[in-house]
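*Asks:* Would you mind keeping the following structure in view while I ask a few things?
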Amino acid sequence: MLSAAHDILSHQRTPGNQSHVDPDPTPTSHNSSSRFDCNPVSTAAVLLADILPTLVIKLLAPLGLHLLPYSPRVLTSGICAAGSFLLVAFSHSVTISLCGVVLASISSGLGEVTFLSLTAFYPRAVISCWSSGTGGAGLLGALSYLGLTQAGLSPQHTLLSMLGIPALLLASYFLLLTSPGPQDPGGEADSDTSARQPLINNEASESKPGSGSPLSLQERWTVFKGLLHYIVPLVLVYFAEYFINQGLFELLFFRNTFLTHAEQYRWYQMLYQAGVFASRSSLRCCRIRHTWVLALLQCLNLAFLLVDVWLSYLPSIYLVFLIIMFEGLLGGAAYVNTFHNIALETSDEHREFAMATACISDTLGISLSGLLALPLHDFLCQLS
Numbered sequence: 460m461l462s463a464a465h466d467i468l469s470h471q472r473t474p475g476n477q478s479h480v481d482p483d484p485t486p487t488s489h490n491s492s493s494r495f496d497c498n499p500v501s502t503a504a505v506l507l508a509d510i511l512p513t514l515v516i517k518l519l520a521p522l523g524l525h526l527l528p529y530s531p532r533v534l535t536s537g538i539c540a541a542g543s544f545l546l547v548a549f550s551h552s553v554t555i556s557l558c559g560v561v562l563a564s565i566s567s568g569l570g571e572v573t574f575l576s577l578t579a580f581y582p583r584a585v586i587s588c589w590s591s592g593t594g595g596a597g598l599l600g601a602l603s604y605l606g607l608t609q610a611g612l613s614p615q616h617t618l619l620s621m622l623g624i625p626a627l628l629l630a631s632y633f634l635l636l637t638s639p640g641p642q643d644p645g646g647e648a649d650s651d652t653s654a655r656q657p658l659i660n661n662e663a664s665e666s667k668p669g670s671g672s673p674l675s676l677q678e679r680w681t682v683f684k685g686l687l688h689y690i691v692p693l694v695l696v697y698f699a700e701y702f703i704n705q706g707l708f709e710l711l712f713f714r715n716t717f718l719t720h721a722e723q724y725r726w727y728q729m730l731y732q733a734g735v736f737a738s739r740s741s742l743r744c745c746r747i748r749h750t751w752v753l754a755l756l757q758c759l760n761l762a763f764l765l766v767d768v769w770l771s772y773l774p775s776i777y778l779v780f781l782i783i784m785f786e787g788l789l790g791g792a793a794y795v796n797t798f799h800n801i802a803l804e805t806s807d808e809h810r811e812f813a814m815a816t817a818c819i820s821d822t823l824g825i826s827l828s829g830l831l832a833l834p835l836h837d838f839l840c841q842l843s
C-alpha cells in the first residue's frame, strides 16, 4: 500500500468507468509556481490511513486482546488483507482507496501483535525468523509492485494479483504451523542466557507464557517502565525513517533522469525495503544492544535529506538511492535488535505482554511522522 501511495493519490477514472491509475502518470503539480512536483495530497495521507488503525489496535492489545484466541485473530487478519486489495483495486475515488488502506492497516496491526505475542510460546530463535520474514515481506511487496507495474501491468491488476497472499497466510497458520511443544522456551545457547539482564529487579521464576495468573496492572506498569529504554529509541527510528519515506520521498524528484516521478517513488520504496530486509536478517551475525545509536543515525539521515529537499544540493539520484538503502538498514537493525533484547531480558511469564507492548513503538513513531509530514508537504509545495 505504501509503494502504491503515489499512484493511489494520482487516481484517475477511465471512460469505461473502471478504476485505473496510469503506471507512469504525467507529472502535474497542483501549484504551478512550486519547484516540486506535488500531488494535491501528500503521500503521508496514505501513511496515516495505513498506520492509525494499527496504532489503535496496538494500544488496546495489552489491555485485553489476549482474551481472544489466536485463531480468530489470524482469520480476521487474512480476511481484512484480502478485502483491502479488492477495495483499492475496484475503487473509483481516493476516499474509497484510503478505506481499503485502512483495512490493510487493521490486518497488519492485528497480525503483528498476534504473531509477536505468539513468539513467546516458541524458542527465542523465532524472533530472528520473524524479523527476517517481515523484512522479506516488505521487500517482496515493494519489488513485486515495482516489477509488475514496470512490466506494464496496471496498479489495479497488480493489486488483484496479490490476493493469493492472504490465502497463503491462513494456510500457513492453520495447516503448517505446529503447536508449541514442551521445549525450553529460551532455546538459546548458554552464552545468550548469561547475557540476560532482567527488565525488572524482582524477576519472577521462569514459567511458561500464559501458564500463570494474568498479570496485574502493577506488574504491567513495571514491565512497561522496564521497556522504555528500548521503546523510545525505536519510536525515534521509525519517526525519522517514515518522515523520510512518506514526507520527503515524493519531494526528492530528479528531473534529469530516465525515471518518471512515479517510477522514482517506487524505486525509493523498493531500495528502502531491501535495506530493511538485509538488516532484519542480520541478527545471527551482528547484534546491537545500544539501539539509541541507530536512532541517532536515523535522525541524522532525516536532517540530511530534509536539507536536500530545501536546497537541492545532491547532484545525482544515485546518492539518494544509497542514503535510502542505509536508512532501511538502520530501521531493520533497530527492529530486530529491540525485540531480540526484550526476549532476552524478560521472564517467560512477562514475555507475551512485553512483546505485545513493545510493538507499539514502531506504530507510534510512524503515526507521529505522518501527522507532521502532511503540513510539511503543503508548506514545501507552496515554495516557488
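Okay, so the sequence shown: first residue is 460 according to our numbering, each after it adds one. Even glycine gets a Cβ: it sits at the ideal position worked out from N, Cα and C. All figures in this text were calculated on a predicted structure; none of them were measured in a lab.
Three-state secondary structure (DSSP) at Ser462?
*Replies:* Residue state, collapsed to three classes: coil.
*Asks:* Given this structure, state the Cα-to-Cα distance separating Arg739 from Leu676, to the nearest angstrom.
*Replies:* Those two C-alpha atoms are separated by around 33 Å.
*Asks:* What distance in whole Å lies between the Cβ atoms of Leu707 and Ala765, which are believed to be in contact at a cut-off of 8 Å?
*Replies:* Residue 765 is actually Leu in this sequence, not Ala. About 7 Å; that satisfies the 8 Å criterion.
*Asks:* I'd like to know whether the C-beta atoms of Val560 and Val572 end up nearer to each other than 8 Å.
*Replies:* Contact flag unset, no.
*Asks:* List the whole-angstrom C-beta distance separating Thr513 from Gly568, where the pair is believed to meet the contact cut-off of C-beta under 8 Å.
*Replies:* Yes, they are in contact, since the Cβ atoms of Thr513 and Gly568 sit about 3 Å apart, within 8 Å.
*Asks:* Output the boundary residues of the alpha helix (DSSP H) element that contains Ser741.
*Replies:* It is not in any alpha helix (DSSP H) - Ser741 carries neither H nor E in the DSSP assignment.
*Asks:* Going by the beta-carbon positions, is the gap between Gly829 and Leu507 smaller than 8 Å?
*Replies:* Going by C-beta atoms, Gly829 is nearer than 8 Å to Leu507.
*Asks:* Taking Leu562 and Ser543 to be in contact with their CB atoms under 8 Å, please state how far apart those CB atoms are, rounded to whole angstroms.
*Replies:* The pair is a contact, with the Cβ atoms about 4 Å apart (cut-off 8 Å).
*Asks:* Are the beta-carbon atoms of Ala832 and Gln723 separated by less than 8 Å?
*Replies:* No.
*Asks:* The alpha helix (DSSP H) that contains Glu709, what's its start and end?
*Replies:* Careful: Glu709 lies outside any alpha helix (DSSP H) and carries neither H nor E.
*Asks:* Are there three or more Cβ pairs, one per stretch, closer than 8 Å when the region 789–798 is compared with the region 739–751?
*Replies:* Touching, per the Cβ criterion.
*Asks:* Might you give, ordered along the chain, the residues of its own chain that have their beta carbon closer than 7 Å to the beta carbon of Ser491, omitting 5 neighbours on each side?
*Replies:* For Ser491, the pLDDT reaches just 46, beneath the cut-off of 50, and the residue's location in the model is therefore unreliable, although a value from the coordinates is still provided. Cβ neighbours of Ser491 beyond the five flanking positions: none.
*Asks:* By how many angstroms is the C-alpha of Ser591 removed from the C-alpha of Trp726?
*Replies:* Roughly 21 Å between the two C-alpha positions.
*Asks:* To the nearest angstrom, how far is the alpha carbon of Phe780 from that of Leu527?
*Replies:* Each residue's Cα considered, the two are about 43 Å apart.
*Asks:* Rounding to the nearest angstrom, what Cα-Cα distance links Gly556 and Lys684 in this structure?
*Replies:* Sequence inspection shows Ser at residue 556; the Gly mentioned does not correspond to that position. Each residue's alpha carbon lies about 39 Å from the other.
*Asks:* In this structure, does DSSP put Leu526 in helix, strand or coil?
*Replies:* Here Leu526 sits in helix by DSSP.
*Asks:* Between the alpha carbons of His616 and His688, how many angstroms are there, rounded?
*Replies:* About 44 Å.
*Asks:* Report the three-state DSSP secondary structure of Pro521 (helix, strand or coil).
*Replies:* Three-state DSSP puts Pro521 in a helix.
*Asks:* Taking the continuous alpha helix (DSSP H) assigned at Phe763, which residues delimit it?
*Replies:* Taken as a continuous stretch (DSSP letters only), the alpha helix (DSSP H) holding Phe763 covers Trp751 to Leu770.
*Asks:* Where does Arg810 fall in DSSP's three states?
*Replies:* Reduced to three states, the DSSP call for Arg810 is helix.
*Asks:* Excluding the 5 residues preceding and the 5 following Tyr697 in the sequence, name in chain order all residues of the same chain whose CB lies nearer than 6 Å to its CB.
*Replies:* Cβ within range, chain order: Asp821, Gly824 and Ile825.
*Asks:* Grab the span of the alpha helix (DSSP H) containing Gln615 for me, first residue to last.
*Replies:* Run containing Gln615: Pro614 to Leu619, per the alpha helix (DSSP H) assignment.
*Asks:* Whole angstroms are fine: how far does the CA of Glu804 sit from the CA of Leu461?
*Replies:* If I take the Cα positions, the gap works out to 33 Å.
*Asks:* In terms of residues, what are the limits of the alpha helix (DSSP H) holding Pro582?
*Replies:* It is not in any alpha helix (DSSP H) - Pro582 carries neither H nor E in the DSSP assignment.
*Asks:* Leu622 and Met814: beta carbons closer than 8 Å?
*Replies:* Taking 8 Å as the Cβ cut-off, Leu622 and Met814 do not qualify as a contacting pair.
*Asks:* To the nearest angstrom, how far is it from the Cα of Ser409 to the Cα of Glu811?
*Replies:* What is shown of the chain runs 460 to 843, which leaves residue 409 out entirely.
*Asks:* Taking C-beta to C-beta, are Ile586 and His799 nearer than 8 Å?
*Replies:* Yes, the Cβ-Cβ distance between Ile586 and His799 is below 8 Å.
*Asks:* Write down the C-beta distance between Ala699 and Asn760 rounded to the nearest angstrom, noting that I regard them as a contact closer than 8 Å.
*Replies:* Indeed they touch by this definition, with Cβ atoms about 6 Å apart.
*Asks:* Helix, strand or coil: which one does DSSP assign to Ile747?
*Replies:* Correct three-state label for Ile747: coil.
*Asks:* Could you give the DSSP three-state label for Leu718: helix, strand or coil?
*Replies:* Here Leu718 sits in coil by DSSP.
*Asks:* From this set, Leu711, Leu695, Tyr701 and Ile783, which residue's C-alpha is nearest Leu753's C-alpha?
*Replies:* With distances taken between Cα atoms, Leu753 lies closest to Leu695.
*Asks:* I need the DSSP call for Pro834, collapsed to helix, strand or coil.
*Replies:* Here Pro834 sits in helix by DSSP.
*Asks:* Could you check whether Gly595 and Phe736 sit closer than 8 Å to each other, using their CB atoms as the reference points?
*Replies:* In this structure, Gly595 lies closer than 8 Å to Phe736 by Cβ.
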